[in-house]
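Residue numbers are given in my numbering: position 47 of the sequence shown equals residue 36, and the series is strictly consecutive.
Structure first, commentary second.
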Amino acid sequence: MFEIGNSLREARVRQRLDYPQVELATKIRAKYIRALEEEEFDVLPSGTYIKGFLRSYADFLGLDGQLYVDEYNSRYLADGYFDDVPQRRRRVQQDRSIEKKVVLLALVGIAAVTALVIVAWRYGGGGPAAPSVVMQKQNRGPLAVPKGLQFTGIGKGTYLEIRRRSATGPVVYQGTLRSGDAEFLVGKRFWISVRRPTGVRFKLLGKPVSLPARHNLKVLVTPTKTARVPSSY
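Here it is, written out as structure tokens:
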């Protein structure tokens, strides 16, 4: 058994990510991210959403999402409590929201009718009809996520060798990455040899890649995992 919330928070802090960055990358609202880290699961809509959010957030941080779902199931879903309580709470909140909207619409209607009566009485209804105002909601599509590997030098920078797909793949970058230098490579799978992991920050498909703080590190990076490669490769 491990602490779900603390391990998620520690992984986020270790990668220097704040809530807005996580919300933008995972499309999970920041208040739900905070609720997961505090283990306040009754704040989330239902058990199904909780498990989906847990899996997505853990995978984003480079953790095993299924492990967190299994831990949640073993601790909170034995009697189905969390699957039921949030749904009842949401139904109550929805009912209250509908009641407020009905009252608000009734008040607006009364005010509109009263205004029309006053205008008709004062001006005799001979004037031109007032133009109607139509509010259009802006339709913003999802933000585009870079489809490749982005890496930026920090601190003193470091020496890098990057190959596409595997240790025997073609070399797509080789050299010393200095502080402030930023590079981008198209693709989803890379073999990386990095002399000083603390001197570079990686993102794959827009998601941060967490690397062990070991010198002369060799890893294989994919959208689903980051795996160390034996030094012989």
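Where is the CB? At the ideal position from N, CA and C, for every residue including glycine.
Predicted model, so just to flag it, every value in this text is computed and none were measured.
> What residue range is occupied by the uninterrupted beta strand (DSSP E) comprising Arg153?
Replying inline: Note, Arg153: beta strand (DSSP E), Thr147 to Arg153.
>> For Arg190, list the residues DSSP reports as bridge partners.
In response: When beta bridges are read from the DSSP output, Arg190 appears opposite Thr141.
> Under the three-state reduction of DSSP, which class applies to Glu60: helix, strand or coil?
Replying inline: In the structure shown, Glu60 sits in a helix (DSSP, three-state: H, G or I).
> Taking buried to mean at least 16 other C-beta atoms within 10 Å of its own C-beta, is Thr37 buried or exposed?
Replying inline: Exposed, because fewer than 16 other Cβ atoms sit within 10 Å of the Cβ of Thr37.
>> Applying the 10 Å Cβ sphere with the 16-neighbour rule, what's the burial state of Glu26?
In response: Under this definition Glu26 is a buried residue.
> Distance, Cα to Cα, Val11 vs Ile17?
Replying inline: Going by C-alpha positions, Val11 is about 8 Å away from Ile17.
> Under three-state DSSP, which class holds Ser(-4)?
Replying inline: If DSSP states are grouped into helix, strand and coil, Ser(-4) belongs with the helices.
>> Quick check on DSSP: helix, strand or coil for Arg111?
In response: Arg111 falls in the helix class under three-state DSSP.
> Looking only at its own chain, which residues have a Cβ that is under 8 Å from the Cβ of Pro219, when we skip the five neighbours before and after it?
Replying inline: Excluding its 5 nearest sequence neighbours in each direction, Pro219 has C-beta neighbours in its own chain below 8 Å: Lys207, listed in chain order.
> Considering only residues of the same chain and omitting the five flanking positions on each side of Lys40, which have a CB-CB separation below 6 Å?
Replying inline: Same-chain partners within the cutoff: Val58.
>> By the three-class DSSP mapping on this structure, what secondary structure does Pro159 have?
In response: Coil at Pro159, not helix or strand.
> Roughly how many angstroms lie between the CA atoms of Phe191 and Ile99, to the nearest whole one?
Replying inline: Across the structure, Phe191 and Ile99 are spaced so that their CA atoms are roughly 59 Å apart.
> Are Thr147 and Val198 closer than 7 Å when you measure CB to CB?
Replying inline: In this structure, Val198 does not lie closer than 7 Å to Thr147 by Cβ.
>> By the three-class DSSP mapping on this structure, what secondary structure does Thr165 have?
In response: Here Thr165 carries a strand assignment [DSSP, helix/strand/coil].
>> I'd like the list of long-range same chain contacts for Phe179, defined as Cβ closer than 6 Å, with 5 residues on each side in sequence excluded.
In response: Cβ neighbours of Phe179 within its own chain (closer than 6 Å, five residues either side excluded): Leu138, Ile151 and Val210.
> If you compare alpha carbons, which of Val106, Lys177 and Ser45 is closest to Ser155?
Replying inline: Here the closest residue by C-alpha is Lys177.
> Taking the alpha carbon of Ala171 as the point to measure from, which residue in Ile143, Arg184 and Pro159 has its own alpha carbon closest?
Replying inline: When each option's Cα is compared against that of Ala171, the closest is Ile143.
> In this structure, what does DSSP give as the bridge partners for Ala216?
Replying inline: Paired residues: Leu209.
>> In whole angstroms, give me the CA-to-CA distance for Tyr46 and Ala216.
In response: When the Cα atoms are used, Tyr46 and Ala216 turn out to be separated by approximately 19 Å.
> Out of curiosity, what's the CA-to-CA distance linking Ser168 and Leu174?
Replying inline: Cα-Cα distance, rounded: 18 Å.
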